[in-house]
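A.B. asks:
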Amino acid sequence: MENLNLNPLSSMDDWEDDLIRRYPDPETPKKKEEYRNYQDSDRDATVREFYRLNHQYQTYDFVSAKEEEFLAFNKREMSIWDALDYLNTLVDDSDPDIELDQLQHLLQTSEAIRRDGHPDWFILTGLLHDLGKVLCLFGEPQWAVVGDTFPVGCRFSEKIVHANFFSENPDYSDERYNSKFGIYTENCGLENVKMSWGHDEYLYQILKDYLPKPALYMIRYHSFYAQHREEAYEHLMNDEDRKYFKWVKAFNPYDLYSKAPVPPDVKALRPYYEDLIAKYLPNKLLF
Ligand SMILES: [Fe+2]
Ligand SMILES: [Fe+2]
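Numbering (our numbering), first residue to last: 1082 to 1368.
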């Protein structure tokens, strides 16, 4: 029996770096070269191994079990800032000179959104979008926290990254789940579709009563690259999904391309974000 807690990535940022190689910033084509130079075969192998585990184990039943476990919200009660501090205990020791910590990634994302003059709930979404990664601190393996997300309960699209690894997933050969629509119906809407389990769905479920709908779509589907980049699941989308995916697409460049060499000044920014958090969210939330 394989060790299900195996964490092949030296850091979860390896997945994000891989995303930038897959979807380079069109506005700074030079960066492409840099990323290519940065690429090394060890890192590629760990990312591949990460996807192998993810695609093998993310079954319909696995997601159902994780929902039951984590949507009871009985792990911890925290304010948003406590949760941000807690998330930041997830230390990345692979490359301390280059890598930004989790809070810095979140603040760079939100500050880039703020600089472009977007509504305050969009800025707040930038700050919050990866908070669901606290799942790692609850002992979850990387492949059940990060990585591209995709629908379970129907055929896995060829357009999902490393789709060849799905042949090891029991749902791949389960007749209930391996047809185009599986347990779903045409254009049934993503509200009725179960996604692979990870930080997106978890945080959506925590925040779903508090933020405007576009913000919730951005949080819930920001890792659903097979749709927001590849449009591989049009057949499950309804008109509402299509409308709100414009926001998911608008969010993605801030997530991927906001990395700046100068780390944000957390102390100076904190009062602004404390006010923003207080405007939309309760003092404490259950995780
Ligand atoms: Fe994320
Ligand atoms: Fe992110």
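Just so it is clear, CB atoms sit at the ideal spot from N, CA and C, and this is done for glycine as well.
All values derive from a computational prediction rather than experimental measurement.
Cutting at 7 Å between CB atoms, please list the residues of its own chain near Tyr1335, excluding the five before and the five after it.
C.D. replies: On the sequence shown, residue 1335 is found 254 positions in, with the first residue counted as 1. Once the five neighbours on either side are set aside, the close Cβ partners of Tyr1335 are Thr1190, Ala1193, Ile1194 and Gly1207.
A.B. asks: Let me check one thing: in DSSP terms, what residues is Met1276 bridge-paired to?
C.D. replies: Position 195 of the sequence shown, counted from the start, is the residue given in the question as residue 1276. Met1276 pairs with Pro1232.
A.B. asks: Can you tell which of Lys1294, Pro1363 and Gly1270 has the C-alpha that lies nearest to the C-alpha of Glu1320?
C.D. replies: Here residue 1320 refers to the residue found at position 239 of the sequence shown. Glu is not the amino acid found at residue 1320; the sequence shown has Asp there. Checked all of Lys1294, Pro1363 and Gly1270; the closest Cα to Asp1320 is Gly1270.
A.B. asks: Hey, which residues come within less than 5 Å of ligand 2, measuring from Cβ to any heavy atom, in chain order?
C.D. replies: Working through the chain, the matches are Asp1211 and Asp1336.
A.B. asks: Who pairs with Leu1367 in a beta bridge, going by DSSP?
C.D. replies: Here residue 1367 refers to the residue found at position 286 of the sequence shown. Answer by DSSP bridge pairing, in chain order: Glu1158.
A.B. asks: Between which two residues does the alpha helix (DSSP H) containing Arg1257 stretch?
C.D. replies: The residue given as residue 1257 occupies position 176 in the sequence shown. Arg1257 -> no alpha helix (DSSP H), and no H or E assigned at all.
A.B. asks: Below 7 Å CB to CB, which residues in the same chain sit around Arg1117 once its five sequence neighbours on both sides are set aside?
C.D. replies: For the purposes of this step, residue 1117 is identified with residue 36 of the sequence shown, where counting begins at 1. Here Arg1117 scores only 48 on pLDDT, less than 50, and its place in the model should not be relied on; the value that follows carries that caveat. Cβ neighbours of Arg1117 beyond the five flanking positions: none.
A.B. asks: Can you grab the Cα-Cα spacing for the pair Met1276 / Arg1310, in whole Å?
C.D. replies: Walking along the sequence shown from the start, residue 1276 turns up at place 195. Walking along the sequence shown from the start, residue 1310 turns up at place 229. Between Met1276 and Arg1310, the C-alpha separation is close to 16 Å.
A.B. asks: Is the separation between the beta-carbon of Asn1273 and that of Tyr1265 shorter than 9 Å?
C.D. replies: What you label residue 1273 is simply residue 192 of the sequence shown in a count that begins at 1. What you label residue 1265 is simply residue 184 of the sequence shown in a count that begins at 1. Contact: yes.
A.B. asks: In the structure shown, what three-state DSSP assignment does Phe1326 receive?
C.D. replies: Sequence index remark: in the sequence shown, residue 1326 carries index 245 (1-based). Here Phe1326 sits in helix by DSSP.
A.B. asks: Does the region 1277–1297 touch the region 1348–1363, meaning 3 or more C-beta pairs lie closer than 8 Å?
C.D. replies: Verdict: yes, contact present.
A.B. asks: Consult DSSP for Gly1270 and reduce its assignment to one of helix, strand or coil.
C.D. replies: In the sequence shown, the residue the question calls residue 1270 occupies position 189. Note: Gly1270 maps to coil in three-state DSSP.
A.B. asks: Rounded to whole angstroms, what's the CA-CA distance from Leu1187 to Tyr1141? Just pull it up for me.
C.D. replies: Residue numbering aside, residue 1187 sits at position 106 when the sequence shown is read from its first letter. Residue numbering aside, residue 1141 sits at position 60 when the sequence shown is read from its first letter. For Leu1187 and Tyr1141, the distance between alpha carbons rounds to 30 Å.
A.B. asks: Within 10 angstroms of the Cβ of Trp1162, are there 16 or more other Cβ atoms? Answer buried if so, exposed if not.
C.D. replies: Along the sequence shown, one-based indexing puts residue 1162 at 81. Flag for Trp1162 reads exposed.
A.B. asks: So what's Ile1358 in DSSP terms, helix, strand or just coil?
C.D. replies: Your numbering for residue 1358 matches position 277 in the sequence shown. Helix at Ile1358.
A.B. asks: Taking the Cβ atom as the reference point for each residue, do Pro1066 and Leu1134 lie within a distance shorter than 9 Å?
C.D. replies: Coverage of the chain is limited to positions 1082 through 1368, which leaves residue 1066 absent and any answer about it impossible.
A.B. asks: Report whether the distance from the Cβ of Ser1214 to the nearest heavy atom of ligand 1 is below 8 Å.
C.D. replies: Reading the sequence shown from its first residue, position 133 is the one you call residue 1214. Correcting the residue identity first, residue 1214 is Lys in this sequence and not Ser. Result yes, Cβ under 8 Å from ligand 1.
A.B. asks: What is the residue span of the alpha helix (DSSP H) that Arg1195 lies within?
C.D. replies: Translated into positions along the sequence shown, residue 1195 becomes position 114. Per DSSP, Arg1195 belongs to the alpha helix (DSSP H) from Gln1183 to Arg1196.
A.B. asks: Nearest to Glu1249 by CA position, among Pro1232, His1136 and Trp1278, is which residue?
C.D. replies: As a position in the sequence shown, residue 1249 is number 168, starting the count at 1. Nearest option by C-alpha distance: His1136.
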